[in-house]
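Trainee:
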Amino acid sequence: MDLRRRTPFKSIESYNDSDTNIVLDEQEQNELVQTLRESNLASNRQYLMLLDIILLLSVILHSVSLLSPPNHNPLLSIFPKTSRENPSVPFPSLFILLALFLHINLGIHIHPQIPALRLDLHPISFPLTYALAAVAPTLALFLQCPWQTTLWWCFTSILGVIVQIILHSIAQSNESISELDAMKYLAFGA
Numbered sequence: 617m618d619l620r621r622r623t624p625f626k627s628i629e630s631y632n633d634s635d636t637n638i639v640l641d642e643q644e645q646n647e648l649v650q651t652l653r654e655s656n657l658a659s660n661r662q663y664l665m666l667l668d669i670i671l672l673l674s675v676i677l678h679s680v681s682l683l684s685p686p687n688h689n690p691l692l693s694i695f696p697k698t699s700r701e702n703p704s705v706p707f708p709s710l711f712i713l714l715a716l717f718l719h720i721n722l723g724i725h726i727h728p729q730i731p732a733l734r735l736d737l738h739p740i741s742f743p744l745t746y747a748l749a750a751v752a753p754t755l756a757l758f759l760q761c762p763w764q765t766t767l768w769w770c771f772t773s774i775l776g777v778i779v780q781i782i783l784h785s786i787a788q789s790n791e792s793i794s795e796l797d798a799m800k801y802l803a804f805g806a
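Here the sequence shown is numbered in the numbering used here, starting from 617 and rising by one per residue.
Shown next, in the form of structure tokens:
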């Protein structure tokens, strides 16, 4: 005679915090993983939309600066300089074009495949992006420009760090969901 112990069904609500681990059957595991996957997808969409908005606002600000008089720095409009120092780096238009190119590169990092154009673009790496973005702020520091100018030229680097952190967070959350999906177990009698 073959006897095996049956585990009676207990609802999740009947467990206390002090009870043992909850054993989920295959369907409950699939539902839990699917719920977490959908929640993760929704938060990833929000993060990407936030990145798109920040990137677009920065592109607009740099474009306005490019089309303004040569030594125009938007931060000087908010925080006027107090000394007679030169408020700009040499060739500001060239550095603004470089910043706009780096913005496009960050946009490609965010959306590497553009379905409308059917292009699979490969952006330049983040370290190279930081190196190129650091040229103007380093020059501003070297020339002892006002803090407003140095901070203005740091915006592209700061934006690059924000994009890299959020994309890393998205990749990590996707990997965690995949690992959780791989950890499914068979619970006989659950």
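No residue lacks a Cβ here, since even glycine has one placed at the ideal position from N, Cα and C.
1. Measuring alpha carbon to alpha carbon, tell me which residue in Y746, N790, F717 is nearest S674.
2. Measuring alpha carbon to alpha carbon, tell me which of S659, A715, L657, P696 ends up nearest S773.
3. Can you give the Cα-Cα distance for A658 and I720, rounded to whole angstroms?
4. Would you call the stretch 756 to 766 and the stretch 774 to 788 touching, i.e. three or more CB-CB distances under 8 Å?
5. If we require 4 or more residues per run, which alpha helix (DSSP H) segments fall completely within the stretch 748 to 785?
6. Assuming A750 contacts V705 under a Cβ cut-off of 8 Å, what Cβ separation, rounded to an integer in Å, is found between them?
7. With distances taken Cα to Cα, identify the nearest neighbour of R653 among A798, M799, I793.
8. With H725 as the anchor, note down where its alpha helix (DSSP H) starts and where it stops.
9. Identify whether A798 lies in helix, strand or coil by the three-state DSSP scheme.
10. Assuming contact is defined by CB atoms lying nearer than 7 Å, are L682 and I724 in contact in what I supplied?
11. Can you name, in chain order, every residue of its own chain whose Cβ lies under 6 Å from the Cβ of F625, other than the five neighbours on each side?
12. Please report the distance separating the alpha-carbon of T745 from that of H688.
Mentor: The short version:
1. F717
2. A715
3. 25 Å
4. no
5. 751 to 758
6. Wrong, their Cβ atoms sit about 13 Å apart, outside the cutoff.
7. I793
8. 708 to 726
9. helix
10. no
11. With a pLDDT of only 49 at F625, under 50, the local geometry of the prediction cannot be trusted, and no value is derived from it.
12. 24 Å
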